[in-house]
Every structure is written in structure tokens, then in C-alpha cells.
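Undergrad:
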Amino acid sequence: MLSRSVASAVSPVSSSSLLPNSKPIFCLKTLSGYRSSSFCGGSFRKINHKPLRMTSSNMTPRAMATQQLENADQLIDSVETFIFDCDGVIWKGDKLIEGVPETLDMLRAKGKRLVFVTNNSTKSRKQYGKKFETLGLNVNEEEIFASSFAAAAYLQSINFPKDKKVYVIGEEGILKELELAGFQYLGGPDDGKRQIELKPGFLMEHEHDVGAVVVGFDRYFNYYKIQYGTLCIRENPGCLFIATNRDAVTHLTDAQEWAGGGSMVGALVGSTQREPLVVGKPSTFMMDYLADKFGIQKSQICMVGDRLDTDILFGQNGGCKTLLVLSGVTSISMLESPENKIQPDFYTSKISDFLSPKAATV
Amino acid sequence: MAPQLLSSRNFKSLFDSVDTFLFDCDGVIWKGEKLIDGVAQTLDLIRSKGKNVVFVTNNSVKSRRQYAEKFRSLGVPSVTQDEIFSSSFAAAMYLKVNNFHKDKKVYVIGGEGILEELQIAGFTGLGGPEDGEKRAQWKSNSLFEHDKSVGAVVVGLDPNINYYKLQYGTLCVRENPGCLFIATNRDAVGHMTDLQEWPGAGCMVAAMCGSTEREPIVVGKPSTFMMDFLLQKFGTETSRMCMVGDRLDTDILFGQNAGCKTLLVLTGVTSESNLLKEGNEIEPDYYTSTVSDMMKLMESP
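Protein sequence lines, in the order shown, are assigned to chains A and B. Counted from 1, the first sequence has number 318 at position 293 by this note's numbering; the numbering is strictly sequential. Counted from 1, the second sequence has number 456 at position 275 by this note's numbering; the numbering is strictly sequential.
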């Protein structure tokens, strides 16, 4: 029986395990997306930065299984920076999680740097800044790193030419960040209104100066966009295929899960048969970016998140300490399941457990 | 062995060793709504020599009946629906041979063809083209509902793909215990129109893999699932069959997996340079430019 907890763990579950009496049918291989990113095709410009590591931390064997956080003060004192995921850690949908403002204030009072890293690409950093403000939190836009920002920052880091365009399969956040960074873009939510008619003599044209296709969570997803993106990637020499993130599901509303960016990215992988460059968690791009920007050492960082295969893996790939909170998508049984291979250093129920320095009840 | 270009030197031995020719459709028989030159006459000539002709297509948008209608409208009335094995038919048959309960429903991300085949097989289908008009809502107190009695989600080519369908299918697969995730096929692109390639079912299927974190059961080529039905109809061994297709990783692989001879034509998605380039691991026995080359070779002394 496939329960949600197993489905949310790292590796895709083979569907043949559910069939009582069928012969194994020829199955094409898993598109897991957590392999190390590879640039496909010969005509890529050389990118002079560290390769984006995304593979699971089998490379650095974990000596210890996760422990419940018992001495919060000790953890707090051992690091200089806290990186927080947002959905399921700070808020759930539009509701602030209990005790968050006091916790953040306490950490700042202790001189800790706070950074917020979210895979949600629907808003720009400025729009997230407004969300924090509306919820009564004292957070600066410069402390927020959404995967929409990451896509624009990535293009800047490789000196993506300003005379090339970016085709966007995603929402406003990505468009705003590209605009801020000075890039020309096409697509976005408006292309959700475009229809196509598959009839004789119909040819879909696409701009030949699109040099990158950025794909993220897109509620206005349709065949027109898939075809446009596919044509650019397949036919424009050197065209980059960038994914903001590959989260399978996301908590758009606090009541249930919703198909996430992993779905839209999956569609483009299916039609182009190419793997994208992922800029969001668990890729280390954002980690490298902010370590560089703020001049912080990764061993001095604690990553706090609610999702094992993005947040915790991101922290581990980056060489940081990791703390899982159970206020979001991961339950204690999912963490302790034998199928789960990702062990954070610590876990606790929610971040306000930091306020009670000794053992918090989980 | 490297693929041999079909010629008067090797054609006769191929033709004599085969009782049934299996043809892919898109890129072999037609391109979009246009019949490829010489196809109608070639099929007639093959039949007149006493060979069987069968069509195996991954395109799930139409049912077998609708494909027979397409053949007729393109000027090939000799093709009957029981000679056509579409992946829409394959999906319904998969549920049938696996004793899918009739009280469970099937959610379809795909075309009318799938819904029609499900209905013919006695199953209840939901979704399909009309869900292309639906939109999801994101208000904090409204829930996106899905039918808890859905026991299988079938995904095929869907030019009307949208977020609503992806979300519906995702919830069924992730939350309905034992829900099957079936793909009609995983072709990356296809000639949906005569002038260019378009994203295929592989795209919609991969979108669902992305959100469900599961791999589907694939019923179309290169899976040999359909072969059992073909053998039931014709009774010959697969070694006396020849698969004629335009795509290496579906048509030719299907033929090889099933033990048939294989012939690649270059009127579809594969060019001669794709075929012969280093790194290509799928080698058909033979290749030729177009199906009507067979007619020229049959007619030459």
C-alpha cells in the first residue's frame, strides 16, 4: 500500500511493487533529477564556477543517525548563521507558525545571521519581503533567497549575454527577478492563454535568440509553453535548460499537497530528453552564492528545514549542520522509516523549541 | 551487426521470411493528416502477396475504431479496426488482463481514444479532454477534491494538459491506496503535424513522474505487452514478423524485445545520421527511406 509518507521519501518507489500478479513490464529508467547535473550537448559556453553538487550524501558517510535536539543553546552557540526554509518552517500557507517571531528575535539578539532560502519561485525576494512584513516578521529582502532569484543570479554568474533572451515556464517571481537582473524574457503566465491547433500546415515559430529556458512551478502550464520551451532547447544552439527546483509536491495551501515544480520540469525533461541545471535546493548553488556574498564559512551554518530531500540534503551537500523540523511535510515516522536514507544532525518539532533551551517534547 | 540498407540484394530473403508486417503509423504511414506517398499502394501489394498487415501505434489520442476511420478518410479503406493496436487499446487491455475491479474508476490524462477504449472494455473513465477546461482554486479553506474510488491513472499524449489534470492525477496516485500509474507510452516527441515535431506522451508521463515520484507501467512500445494480443490474432511466431517504424527507442526496440525482424524508415523522427552516428545503441536489421521502397523492390525482377 503506497502511503504518502513513503512517497515523500527520497527515491522514487517502483510501481511494480503494487501489482499483485503482473509480469514486469519493460520500464524506462527513472528520471530522478538528483544525479549530478550534467551539461548535455557540445556547444555550451564554459562555465567557470564550481560544479553544482546534488547527489545524496553517500559520499560523506554519516557516522550517526539523527538525534532529537536536546541542547538548543549548544547548537545555537556552535554556528554563526541560520538558514531557514520558509514553507513548513516559518509559515504554513499564509499562517505564521507558533513562536516564530520570538525565536527569530532571540537568535538575532544573540548576534546570529539569519537567511531564508525557499524553493518557491512564484514570488520575487521583494514580494517575499512583503509577506514577511505582513506576518509581522522583521526580515530584510537581502536576507531572502528564493529559487526565482537563484535563476537570475545563476545567469549573472555565467555572464549570460544581455542580447540573448530567456523563455520562462513559470510565474511572476521569475519574471521580476530576471527583469531586476537586466535580462530580456519571454513567456511566463501570459503564455498560459495561448492555444494551439494541431492541423496541417500549422508551424509554431520560436525566437532563435532564446539562449536559456527557465522552468519552475507553473499553475498556468500548457502545451504551448511545453512546445515553445522544447523547440528552444532542441533547436537553439547552446540553449540552457535551467530548473528553479524539482520539488514533487508543495504546500500551496496548508490543507493539502499540490503538484510542484518537479512536475513542470519533468515535462520538459520528457520532451527534450535532457536533464536541467537545478539552481534551487538541494543543488548547492544558493549555498555557494550566499556563503560568498556574506563571507561565511559553511561549517558555521545550520540549515533548518522540513523536507529531507531538498532542505536537509542541501545542508549536507553544503557541509553545514542540519536541523529537521516536524512542523511541515515530514513526520517522525517518515524520518525513522527504513526507506529514508537522509539523516539530519538533529530534529525537533518546531523552531520555537529554541526558546526552551533544554529538551523539548516532540 | 550494422543496419543494412534495404536493396534488391536483401529484400527477397526478408520478404520471404516474414508472414506479418507490423507498421507504426506516425512518420511511417502518415504525418499528421497527410498520407505518406505510395503507402496505400504498398499496403495493397503486400496483402496481395499473401502477407498480413497490422498497425501498432503509440498514439493514444484515438481509439482503434477512430484510427480505422482515419485510414478510411485518407484513402486506405482496407484497414479494419481489429488490425490496429493503439496504445489506447493497450491501456484498457492491461486493466482487463490484470482484473481491474469494475467498481474502481480510471482517471485519464489524455484523449478521447483512451476513454472510448475503457468504455468498450467495461470500465468507468473520468477526466479526459473535458478536464482541459477546469481550473484549480487556491483559497485557504477550499480543498481540491478527487474521487477516492479512482484505482488507476492512465496518462497519454494530451495537448490539453493543464495544472488541474496534473494535480488530480497526482492526488489519486499519491493518496488512493494501490492506485496504478499507467502510461500509454513515453515517446518524447512526435509528428503531430506534418511540418514539425511536438512533445509526445513522454512529456505528460514525465510530468506525473515528477510529482508522484513513481515510475509508471508502460503498455505501449517498446514494452512488448501488445505482442500477446497480436500473437493471439495471428498465431505466428514473432520471428516471422517484421516491425517497420521510424523511431529507434520505441518501434525498433519493441521489435527487438519481441524477437521480430526490424526495418527503420527515414520518413519520421529518425534521420540517417541519427541512425549511423556513434553512440547509437539501437540498430535495426534493415533501413530504407520510405515504406514505398518496399513496393519498388517487390515489383523489380
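Ideal Cβ placement from N, Cα and C applies to all residues, glycine included. Predicted model only: the values in this text are computed from it and were never measured.
1) Under three-state DSSP, which class holds Y468/B?
2) What are the residues in the region 151-172 of chain A lying within 8 Å of chain B by C-beta distance?
3) Using 8 Å for Cβ pairs, my map puts V142/A next to K306/A. What's the rounded Cβ distance?
4) Going along the region 214-238 of chain A in order, which residues come within less than 8 Å of chain B, judged by CB to CB distance?
5) Applying the criterion that 16 or more other CB atoms from any shown protein chain within 10 Å of the CB defines a buried residue, is V400/B buried or exposed?
6) Between which two residues does the alpha helix (DSSP H) containing C257/A stretch?
7) Which parts of the region 319-349 of chain A are runs of the alpha helix (DSSP H), unbroken and 4 residues or longer, counting only runs that do not cross its ends?
8) Given a cut-off of 8 Å on the beta-carbon distance, is the pair I267/A and L293/A in contact?
9) Do you know offhand how far E166/A's Cα is from R150/A's?
10) Quick one: Cα of I326/A to Cα of D279/A, how far?
11) What residues of chain A sit near S392/B, judged by a beta carbon separation below 8 Å?
12) Helix, strand or coil: which one does DSSP assign to T278/A?
13) Compare the C-alpha of K201/A against each of T128/A, L121/A, Q152/A and name the closest.
14) Identify, in the order they occur along the chain, each residue of the same chain with its Cβ nearer than 6 Å to the Cβ of D466/B, setting aside the five sequence neighbours on each side.
15) With a threshold of 8 Å between beta-carbons, can Y248/A be considered close to chain B, or not?
16) Leaving out five residues on either side along the sequence, give the residues of the same chain with a beta carbon under 7 Å from the beta carbon of Q348/B.
17) Around the C-beta of N343/B, are 16 or more other C-beta atoms found within 10 angstroms, so that it is buried, or is it exposed?
18) Tell me, please, which residues DSSP counts as bridged to L361/B.
19) Tell me which same chain residues have a C-beta within less than 6 Å of the C-beta of D209/A, skipping the five on either side of it?
20) Relative to the C-alpha of L338/A, which residue among T309/A, E232/A, K218/A is closest?
21) Per DSSP, N233/B forms a beta bridge with which residues?
22) Anything in chain A within Cβ reach of T443/B, meaning under 7 Å, just list it in chain order.
23) Tell me, which residues are paired with R190/B by DSSP?
24) Does V386/B get closer than 8 Å to chain A when you measure Cβ to Cβ?
25) Using a Cβ cut-off of 8 Å, pull out every chain A residue sitting near A369/B, in sequence order please.
26) By DSSP's criteria, V425/B is part of a beta bridge. Which residues make up the other side?
27) Using a Cβ-Cβ distance cut-off of 8 Å, determine whether V304/A contacts chain B.
28) Closer than 7 Å, Cβ to any Cβ of chain A: which residues of the region 268-292 of chain B, in chain order?
29) Would H276/A and V354/A be called neighbours here (beta carbons separated by less than 8 Å)?
30) In this structure, does DSSP put S28/A in helix, strand or coil?
31) Pull up the CB-CB distance for V235/B and E264/B, whole angstroms please, since I reckon it's below 8 Å.
32) Which residues bound the alpha helix (DSSP H) around T393/B?
33) The beta strand (DSSP E) with A171/A in it runs from where to where?
34) Just how far apart, CA to CA, sit S188/B and L478/B?
35) Out of K155/A, D188/A, E196/A, L205/A, state which residue places its alpha-carbon closest to the alpha-carbon of A178/A.
36) What residue range does the alpha helix (DSSP H) around R245/B cover?
TA: Taking the geometry as given:
1) Start at 1 with the first residue of the second sequence, and residue 468/B comes out as number 287. The answer is strand: DSSP assigns Y468/B an E or B state.
2) none
3) As a working mapping, residue 142/A is identified with position 117 in the first sequence. As a working mapping, residue 306/A is identified with position 281 in the first sequence. Yes, V142/A and K306/A are in contact; Cβ-Cβ is about 7 Å, under 8 Å.
4) I221, L223, K224, P225, G226, F227, L228, M229
5) For the purposes of this step, residue 400/B is taken as residue 219 along the second sequence, with counting starting at 1. Its Cβ being crowded by 16 or more others within 10 Å, V400/B is buried.
6) For the purposes of this step, residue 257/A is taken as the residue at position 232 of the first sequence. 248-260 is the extent of the alpha helix (DSSP H) around C257/A.
7) 338-342
8) One-based indexing of the first sequence puts residue 267/A at position 242. One-based indexing of the first sequence puts residue 293/A at position 268. Not closer than 8 Å, so no.
9) Counted from its first residue, the first sequence places residue 166/A at position 141. Counted from its first residue, the first sequence places residue 150/A at position 125. For E166/A and R150/A, the distance between alpha carbons rounds to 6 Å.
10) Position 301 of the first sequence, counted from the start, is the residue given in the question as residue 326/A. Position 254 of the first sequence, counted from the start, is the residue given in the question as residue 279/A. One C-alpha to the other measures close to 28 Å.
11) Residue 392/B sits at position 211 when you count from the first residue of the second sequence. Chain A residues near S392/B: A273, V274, A284, G285, G287, S288, G291.
12) Residue 278/A sits at position 253 when you count from the first residue of the first sequence. In this structure, T278/A counts as strand in the three-state DSSP scheme.
13) Counted from its first residue, the first sequence places residue 201/A at position 176. K201/A has its Cα closest to that of Q152/A, out of T128/A, L121/A, Q152/A.
14) Taking the first residue of the second sequence as 1, we reach residue 466/B at position 285. Excluding sequence neighbours, D466/B sits near K442, T443.
15) Sequence index remark: in the first sequence, residue 248/A carries index 223 (1-based). Chain B contact via Cβ: present.
16) To locate residue 348/B, count along the second sequence from 1; it is residue 167. Excluding positions up to five away in sequence, the list reads A317, F325.
17) Counted from its first residue, the second sequence places residue 343/B at position 162. Buried: at least 16 other Cβ atoms inside 10 Å.
18) Locating residue 361/B in the second sequence gives position 180, where the first residue counts as 1. For L361/B, which the question treats as bridged, DSSP gives the partners A333/B.
19) Taking the first sequence and counting its residues from 1, one reaches residue 209/A at position 184. This sequence places Gln at residue 209/A; Asp is not what is there. Cβ within range, chain order: K190.
20) One-based indexing of the first sequence puts residue 338/A at position 313. Cα-wise, what sits closest to L338/A is T309/A.
21) Along the second sequence, read from residue 1 onward, the residue named residue 233/B stands at position 52. Beta-bridge pairing links N233/B to T201/B.
22) Here the question's residue 443/B lines up with position 262 in the second sequence. Near T443/B there are no residues of chain A at all, since even the closest Cβ is about 16 Å away, more than 7 Å.
23) Reading the second sequence from its first residue, position 9 is the one you call residue 190/B. Its beta-bridge partners do not exist; DSSP assigns none.
24) Looking up residue 386/B in the second sequence gives position 205. Closer than 8 Å to some Cβ of chain A, the Cβ of V386/B qualifies, so yes.
25) Within the second sequence, numbered from 1, the residue matching residue 369/B stands at position 188. By Cβ distance, chain A contributes G295, S296, T297, Q298.
26) As a working mapping, residue 425/B is identified with position 244 in the second sequence. DSSP output for V425/B lists F204/B, L444/B as bridge partner(s).
27) Start at 1 with the first residue of the first sequence, and residue 304/A comes out as number 279. For V304/A, the answer is no, since every Cβ of chain B falls outside 8 Å of its Cβ.
28) N279
29) To locate residue 276/A, count along the first sequence from 1; it is residue 251. To locate residue 354/A, count along the first sequence from 1; it is residue 329. Result yes, Cβ atoms of H276/A and V354/A sit closer than 8 Å.
30) Indexing the first sequence from 1 puts residue 28/A at position 3. Model confidence at S28/A stands at a pLDDT of 34, short of 50, so the residue's coordinates are unreliable; what they give is reported in the following sentence. In this structure, S28/A counts as coil in the three-state DSSP scheme.
31) Mapped onto the second sequence, residue 235/B falls at position 54. Mapped onto the second sequence, residue 264/B falls at position 83. The pair is a contact, with the Cβ atoms about 5 Å apart (cut-off 8 Å).
32) By one-based count along the second sequence, residue 393/B stands at place 212. Unbroken alpha helix (DSSP H) run through T393/B: 382-393.
33) Position 146 of the first sequence, counted from the start, is the residue given in the question as residue 171/A. Unbroken beta strand (DSSP E) run through A171/A: 169-171.
34) As a working mapping, residue 188/B is identified with position 7 in the second sequence. As a working mapping, residue 478/B is identified with position 297 in the second sequence. The alpha-carbon atoms of S188/B and L478/B are separated by roughly 7 Å.
35) Position 153 of the first sequence, counting from 1, holds the residue named residue 178/A. Cα-wise, what sits closest to A178/A is L205/A.
36) For this step, residue 245/B is matched to residue 64 along the second sequence. Residues 245-254.
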